[in-house]
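Engineer:
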Amino acid sequence: MGIINKTIIEKIKIHFSPLNSHFSSQKGYTLFELLTVIGILSVIGVIVLSVVFISLRGSQKSEALEIVRQNGDAALSQMVRTVRYAKRLDAPLSCTPSVTTSSITLTSLKDNGQTTLSCASSTLSSNSASLINTNAVAAASCSFTCAQGRLTDPPTITIQFSLSAKTTANFSETTATIPFQTSVTMRNFER
């Protein structure tokens, strides 16, 4: 039985020896295998780069919106305080009928000083001091609307403007425009 097993094993070795010599002589990869791996890695690379690029675009848009929102909120808050605590509206002289203008002049209750709120040359200003960061944002479609039921009623001032992020590129992820509007009634109005 031992001789039969030896003979069978030798025949099997002889039968499979051409395959063994063929596989043992290969020292690299075929061109097809290399091209397949390169193709798969390229597709994965493109997908990863796309995800990173989209994430960066989204964060740039968020940053642009945040800058515009911060500037607009700060300017609007300053203008509302100035109007609310003013004792007199100097310009326009009358708000009956309602008047829309690019600037208003008020007299402060606190120190009797005059303050002119205006919007010109893509900025919002208080006595010529800019209320926004003009390097980062620009104002557009700005107006002050003064309305008064009767001359003895305190005027209600509607402040309206839009701010846009300043950018050198015209990509949608770096542009941001936000409209701002509020109405405020003068609390300490004197005629």
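Residue numbers (my numbering): 2 to 192.
Glycine included, each C-beta is placed from N, C-alpha and C at the ideal position.
Could you please give me the residues that DSSP links to residue 180 through a beta bridge?
Structural biologist: Paired residues: 163.
Engineer: Does the stretch 180 to 189 come into contact with the stretch 151 to 169, if we say contact requires no fewer than three beta-carbon pairs (one atom in each stretch) closer than 8 Å?
Structural biologist: These segments touch.
Engineer: Starting from residue 74, trace the alpha helix (DSSP H) in both directions and tell me its first and last residue.
Structural biologist: Segment 32 to 85, the alpha helix (DSSP H) holding residue 74.
Engineer: For residue 176, would you say it is in contact with chain D, using Cβ-to-Cβ distances shorter than 9 Å as the test?
Structural biologist: Given the protein chain composition of this structure (a single chain), no chain D is represented.
Engineer: Just the Cα atoms here: how many angstroms apart are residue 189 and residue 87?
Structural biologist: The straight-line gap from Cα to Cα measures roughly 6 Å.
Engineer: So what does residue 89 bridge to, in DSSP terms?
Structural biologist: Per DSSP, 108.
Engineer: So what does DSSP say about residue 9, is it helix, strand or coil?
Structural biologist: Looking at residue 9 - three-state DSSP - the assignment turns out to be helix.
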